[in-house]
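So the sequence shown is numbered by full-length UniProt numbering: it starts at 1 and just counts up by one. Note that CB positions come from ideal geometry on N, CA and C, so glycine has one too. What follows is a short report on a single structure.
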Amino acid sequence: MAGAPGPIRRAWYQWKMQRFPWRKKWLVGFDLHGNTFWEFKDALHSLRNRRIAKYSRSTHYGDVQISPSWMQWLRHTRFDPPTIAEQQQDVARQERIKLLAAQADAKWAAKPSALDAPDKQQPVLPLQSQHPTTAPSPVNDKQDIQDTAAPRPKKAKAKEPADSPWRQAAQSQDWQPQGWTPAPAKRPS
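Written as structure tokens, this is what we have:
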């Protein structure tokens, strides 16, 4: 952020802000970063002046920052350019917002989270007992193997009807369909 302009620069700014009829462009204002904002008559649109920003020479083009109030003025959504006092109030407001956001973050970080509640966490079982008297009883491996190896009763399958077409189709490769002969038509008598 650039400091306040010196007396020579202020005099130069005052001279460039004068709207003389022979002047093609005139200075409208400057921001706290050292950028200047100019207005000039447009050849195509005589009713509307064009607005541009000239960045300070010490700032790289990628690092140029223009405040929202100046951006509104550049895009003709704001009629009057922002004053220096207004820009300083905006910077103070942003600092207050950052301070309040940091306080809110600290407040939320201090509160216990419902997701990390210690009483609702599942207990972690130890892999080995430290005392031999509190060790879990050994598992009878032979009994478990016999229980798993015991034959299970098979479910009875539903019986298919005797004249199932699926049974005829699956008998063998020799099966051939029978020919169809229509019955003679009945004549009305």
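Pick from the options: whose alpha carbon is nearest that of residue i?
i: R50; options: G62, Q65, W26 and D63; result: W26
i: I84; options: L32, A102 and Q103; result: L32
i: W175; options: E95, P165 and A183; result: P165
i: R23; options: G6, K41, Q89 and F30; result: K41
i: W70; options: G34, R19, A114 and F20; result: G34
What number of angstroms, rounded off, separates the C-alpha of residue i from the C-alpha of residue j?
i: R9; j: S56; result: 13 angstroms
i: Q72; j: K54; result: 16 angstroms
i: W15; j: A43; result: 24 angstroms
i: L74; j: A11; result: 24 angstroms
i: G29; j: A102; result: 33 angstroms
i: A162; j: Q178; result: 19 angstroms
i: S46; j: A104; result: 51 angstroms
i: Q88; j: E39; result: 23 angstroms
i: T77; j: I52; result: 14 angstroms
i: A106; j: D90; result: 24 angstroms
i: W180; j: S189; result: 27 angstroms
i: G62; j: L127; result: 58 angstroms
i: E95; j: A110; result: 23 angstroms
i: R48; j: T59; result: 30 angstroms
i: R66; j: E86; result: Here residue 66 is Ile; the residue named in the question, Arg, does not match the sequence. Going by the C-alpha atoms only, they are around 14 angstroms apart.
i: P184; j: K159; result: 38 angstroms
i: F20; j: I97; result: 42 angstroms
i: F79; j: V64; result: 23 angstroms
i: P112; j: M17; result: 58 angstroms
i: L100; j: A92; result: 12 angstroms
Are residue i and residue j closer than 8 angstroms when you measure CB to CB?
i: P81; j: F37; result: yes
i: Y13; j: P7; result: no
Please report the residue range of the alpha helix (DSSP H) in which residue i lies.
i: L74; result: P68 to L74
i: R10; result: P7 to M17
i: K54; result: Note, K54: premise wrong, no alpha helix (DSSP H); beta strand (DSSP E) at N49 to K54.
i: A92; result: I84 to A110
In the DSSP assignment, find the unbroken beta strand (DSSP E) run with residue i in it and report its ends.
i: W38; result: T36 to K41
i: L27; result: K25 to F30
i: A183; result: Where A183 is concerned, there is no enclosing beta strand (DSSP E), given that its DSSP letter is neither H nor E.
Quick one: is the Cβ of residue i within less than 7 angstroms of any heavy atom of the ligand MG?
i: R93; result: Among the components of this structure there are no ligands whatsoever, and the ligand MG is therefore not found.
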